[in-house]
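Engineer: Got a structure for you, written out below as structure tokens; questions coming shortly.
Protein chains: 2
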Amino acid sequence: MHFSRLALIGCGLIGGSFALGLKKQQCVSTVVGFSASESSMNKALALGVIDTKASSLRQAVEGADLVLVAVPVNVIENCLRDMLDHLSPSALVMDVGSTKAMVAEQAMSIMGERAHQFVPAHPIAGKEQHGVEYASAELFVKHKTILTPMPVNTTQTIALASEVWVGLGSEVLCMSAQEHDQALAGISHLPHFIAFAAVNALNSQAHRDTFWRLAGPGFRDFSRIAASSPAVWRDIFVSNPDELLVQLKAFQNALQDLELALKNKDASADLKDLIEAASLARKTWSHSA
Amino acid sequence: MHFSRLALIGCGLIGGSFALGLKKQQCVSTVVGFSASESSMNKALALGVIDTKASSLRQAVEGADLVLVAVPVNVIENCLRDMLDHLSPSALVMDVGSTKAMVAEQAMSIMGERAHQFVPAHPIAGKEQHGVEYASAELFVKHKTILTPMPVNTTQTIALASEVWVGLGSEVLCMSAQEHDQALAGISHLPHFIAFAAVNALNSQAHRDTFWRLAGPGFRDFSRIAASSPAVWRDIFVSNPDELLVQLKAFQNALQDLELALKNKDASADLKDLIEAASLARKTWSHSA
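Top line first, the protein sequences correspond to chains A and B.
Add 794 to a position in the first sequence, counting from 1, and you land on the number used in my numbering.
Add 794 to a position in the second sequence, counting from 1, and you land on the number used in my numbering.
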């Protein structure tokens, strides 16, 4: 596997790590970067993440045999539209968006008979920091990357997409976009939603300074994801609202079970049973993960 | 500061770390351990956490000038009752319970005119693992320990209690039991309550295997505290239900704000504002912590 020209659309943490990883594996000759943010592009160039800056998205993709669209999910649509007439017929295009059903639908609608070149991808890796300055060639190592191939993708295209992520150290899984969005709503979107709410709840109280002064390592880990990028997470929530609301309802039900068990002090065995079920499930996962 | 005999009541993670820390600082000559669990006592002895096993709580405290009651909060009451007639009049007694108002009330009621010997303490440190095999002399280093002195405590007693925790590497803070319980409900008890509910919600769904297979580092940190000890956390919740319910209500309100902003797709600016407030607060804390 070798690409002569990677067009990196969006020079942030994920895109930058992708470029650095391919460079480290010597799988790419040249990386051309384009970003809506001039300062991101300049940082990416200074850090050696990209080799040249493009003056437009179109210029970036011209002659590229690999295109990575590493932008917030709500901007992917515009990027695909912009690049279409300039895209090499043999180029592989992937995104890295955190929701997949909406993106696949947009790709089908915009790219038409060229949609077979686009393989929706989601590397489950990240940091609460964002920006190319945090990019690392090892970001995807031992992390899972989910591909949600579309019916129009050929086996060869899917295999090549898979090879790219395996080359970056990822474990690659394939599933439907619906299955992906449902699972990610539970294990990622809802936890972020909850963490944002938990921090807002503390911060809205008169005693907030005492809270922040006393918070320890348990709270630090629990709330780490609440420091995530507001622009990125607003877009993720809005692009997968139905599945997120299903998971929110399941969580609210589980929370209510605990609340009722707590209020009924005589039924303390129930409270302990509920906690035990959670503790066991979490420990079992730790040991298998 | 030097103690000739520490009576360690409860040979678990916290008690074991306390004993190891004092030994490492050469602040104690002998550690006598007692635990309701014979196997914990044997492990503590084998690991050098305690020097001798006591055959009863009473035997452990006899002749001790320092007593640490490192047992779940709902058992502290019985321990104080058991030791009272055998306690040296000059011994300093501390607990390490995660709630303080109930414990202070129990100590006043049970110990009577000897309650001045008891200083309620709460080291904000721990691991999701429990058991003396995870004990470490460094567990309290750079972590906060809160003392909630009672009106009957003398300045000298409080100063000695403080010196013990400072010697273990802790930053010591004093506040009222009420202030402690309110703050801990927000930064510790509620996050545990939420994490237990979040794990139970995922685990109750038919797709649970996909959830566990795909969950990544964000979920791992968010849910780490859900692996905590069911016995310990059931007791903490039940010993501080009023403050926990106040914090739960604040969280549910904040969650509802996010839910309403999500459902009102046209009002996406509001959703982003709510996320931004949380992200900023969490980042500000990271930088100051």
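All C-beta atoms in this analysis are idealised placements derived from N, C-alpha and C, irrespective of residue type, glycine included.
1) Can you check whether the C-beta of B:Gly815 is within less than 8 angstroms of a C-beta belonging to chain A?
2) Assign A:Glu1037 to one of two classes, buried (16 or more other C-beta atoms within 10 Å of its C-beta) or exposed (fewer than that).
3) Under 8 angstroms between the Cβ atoms of A:Val865 and A:Cys873?
4) Let me make sure I understand the geometry here. Which of A:Ser964, A:Met969 and A:Ala919 has the alpha-carbon closest to that of A:Pro943?
5) Decide if B:Ile808 is buried, meaning its Cβ has at least 16 other Cβ atoms within 10 Å, or exposed.
6) Any C-beta of chain A within less than 9 angstroms: which residues of the segment 992–1007 of chain B qualify?
7) Can you tell me which of the three DSSP states B:Pro1024 falls into?
8) Can you give me the C-alpha to C-alpha distance between B:Ser1062 and B:Ile1069, rounded to a whole angstrom?
9) Listing by chain order, which chain B residues have their CB less than 9 angstroms from the CB of A:Ser1080?
10) At a cut of 8 angstroms, does the segment 975–989 of chain B reach the segment 884–894 of chain A through at least three beta carbon pairs?
11) With 16 other CB atoms within 10 Å as the buried threshold, where does B:Asn1047 fall?
12) Given that a residue counts as buried once 16 or more other Cβ atoms are within 10 Å of its Cβ, and exposed if not, what is B:Ser884?
13) Using the rule of at least 16 other Cβ atoms within 10 Å of the residue's Cβ for burial, across every protein chain shown, is B:Arg799 buried or exposed?
14) Whole beta strand (DSSP E) runs in the segment 859–898 of chain A with 3 or more residues, listed along the chain?
15) Can you list, in chain order, the residues of its chain whose CB lies under 6 angstroms from that of A:Phe1005, leaving out five sequence neighbours each side?
16) Mind pulling the chain A residues with CB within less than 7 angstroms of B:Gly925?
17) Under 6 angstroms Cβ to Cβ from B:Ser823, same chain only, skipping five residues before and after it: list those, please.
18) From the beta carbon of B:Lys1066, is the nearest beta carbon of chain D less than 8 angstroms away?
19) Give the residues of chain B in contact with A:Lys938, contact being defined as C-beta atoms less than 9 angstroms apart.
20) Assuming A:Pro777 and A:Ala858 form a contact by the criterion Cβ under 8 angstroms, report the distance between their Cβ atoms to the nearest whole angstrom.
21) State the start and end residues of the unbroken alpha helix (DSSP H) segment that holds A:Ser823.
22) Mind checking if B:Gln976 is an interface residue toward chain A, Cβ cutoff 8 angstroms exclusive?
23) Would you kindly work out how many angstroms separate the C-alpha atoms of B:Arg1076 and B:Ile904, rounded to a whole number?
24) Is the number of C-beta pairs between the segment 817–832 of chain A and the segment 849–863 of chain A that are closer than 8 angstroms three or more?
25) DSSP state of A:Ser850, grouped into three classes?
26) Measure from the alpha carbon of A:Thr951 to the alpha carbon of each residue in A:Ala1000, A:Arg908, A:Ser1033 and A:Ser850, then state which is nearest.
27) Taking contact to mean at least 3 C-beta pairs separated by less than 8 angstroms, is the segment 985–1002 of chain A in contact with the segment 1048–1059 of chain B?
28) When the distance is taken between beta carbons, is A:Ala854 closer than 8 angstroms to A:Ala848?
29) CB-CB under 7 angstroms to A:Lys938, same chain, minus the five flanking residues each way: which ones, in chain order?
30) Just checking: is the beta-carbon of A:Arg1076 within a distance shorter than 8 angstroms of some beta-carbon in chain B?
31) Would you say A:Ser1062 lies against chain B (beta-carbon separation less than 8 angstroms)?
32) Rounded to a whole number of angstroms, what is the C-alpha to C-alpha distance between A:Arg850 and A:Asp1015?
33) Below 6 angstroms CB to CB, which residues in the same chain sit around A:His1081 once its five sequence neighbours on both sides are set aside?
34) Out of curiosity, what's the CA-to-CA distance linking B:Leu1065 and A:Ala895?
35) Going by C-alpha to C-alpha distance, which of B:Val1032, B:Ala1009, B:Gly810 and B:Cys821 sits closest to B:Glu927?
Structural biologist: Taking the geometry as given:
1) no
2) buried
3) Taking 8 angstroms as the Cβ cut-off, A:Val865 and A:Cys873 qualify as a contacting pair.
4) A:Met969
5) buried
6) The residues in question are Ala992, Val993, Asn994, Ala995, Leu996, Asn997, Ser998, Gln999, His1001, Arg1002, Thr1004, Phe1005, Trp1006 and Arg1007.
7) helix
8) Low confidence applies to B:Ser1062: its pLDDT is 47, below 50, so where it sits in the model is not reliable enough to give any reading.
9) Glu922, Arg1014, Arg1018 and Ala1021
10) Result no; under three Cβ-Cβ pairs closer than 8 angstroms.
11) exposed
12) Taking every protein chain shown into account, the CB of B:Ser884 has fewer than 16 other CB atoms within 10 angstroms, so this residue is exposed.
13) buried
14) 860–863 and 886–889
15) Excluding residues within five positions, the ones whose Cβ falls inside 6 angstroms are Leu996.
16) Within 7 angstroms Cβ-Cβ: nothing; B:Gly925 doesn't reach chain A, min ~13 angstroms.
17) Ser798
18) Looking for chain D here will not work: the only protein chains present are A and B.
19) Arg1007, Leu1008 and Gly1010
20) Given a span of 795 to 1083 for chain A in the structure shown, any question on residue 777 of chain A remains unanswerable.
21) That residue, A:Ser823, is in no alpha helix (DSSP H); its beta strand (DSSP E) goes Val822 to Phe828.
22) yes
23) 42 angstroms
24) yes
25) coil
26) A:Arg908
27) yes
28) yes
29) Ile918, Ser964, Glu965 and Leu967
30) yes
31) Here the model assigns A:Ser1062 a pLDDT of 47, short of 50, so the residue's position is not dependable, and the following value carries that caveat. Yes, A:Ser1062 lies at the interface with chain B (some Cβ there is under 8 angstroms from its Cβ).
32) Here the sequence assigns Ser to residue 850 of chain A, which means Arg is not the residue at that position. Using only the alpha carbons, I get a separation of about 40 angstroms.
33) Answer for A:His1081: no residue qualifies.
34) Computed Cα separation, rounded: 21 angstroms.
35) For B:Glu927, the nearest C-alpha among the options comes from B:Gly810.
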